[in-house]
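Every letter in the sequence shown is one number past the one before it in UniProt numbering, and letter 38, counting from 1, is 38.
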Amino acid sequence: MSTFTIFLILIIIVCLLLVLVIMVQNPKGGGLSSSFGGGGNQVVGGVKKTGDFLDKSTWTLATLLIVLILLSNISLKGSYSQADSKLLQGDDTEATIPEAVPEEVPEQLPPATNPADTIN
């Protein structure tokens, strides 16, 4: 398994987690944060300030997603570094140009028969 494939799997997992964290939030204050005491200092189920946790996790996952995308781009370019053009490398580009043009002109070809003429 290549490093790009590993980064791709990690990016998909982070994206799914990011969607989950964003969907749990409610911009009007009625989401998960309000049910766990987001309206005051009340602690329900041992969770305090769930809204802050969701905000921090959103920013953390978004930053992690950007870093993974940049790293996957670097690993993808690293695996294809040998695929540069020969023109950029400067290796014998003159060898690809033919040395001489043939002076003989081929004889005139016989007239082509039309396939529609042969069908009766």
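From the three backbone atoms N, C-alpha and C, an ideal C-beta is built for every residue, glycine too.
Could you check whether residue j and residue i sit closer than 8 Å to each other, using their CB atoms as the reference points?
{"i": "L54", "j": "V24", "result": "yes"}
{"i": "L65", "j": "L16", "result": "no"}
Apart from the five residues just before and just after residue i, which ones in its own chain have a Cβ nearer than 7 Å to its Cβ?
{"i": "L10", "result": "L68"}
{"i": "S57", "result": "V21"}
{"i": "S75", "result": "T3, F4, F7"}
{"i": "S72", "result": "F4, F7, L8, I11"}
Applying the criterion that 16 or more other CB atoms from any shown protein chain within 10 Å of the CB defines a buried residue, is residue i buried or exposed?
{"i": "T50", "result": "buried"}
{"i": "V14", "result": "buried"}
{"i": "D52", "result": "exposed"}
Going by the C-beta, is residue i closer than 7 Å to any heavy atom of the ligand MN?
{"i": "C15", "result": "You won't find the ligand MN in this model; it holds no ligand whatsoever."}
So, at 8 Å on beta carbons, what are the nonlocal neighbours of residue i in its own chain, with the 5 sequence-adjacent residues on each side left out?
{"i": "Q108", "result": "none"}
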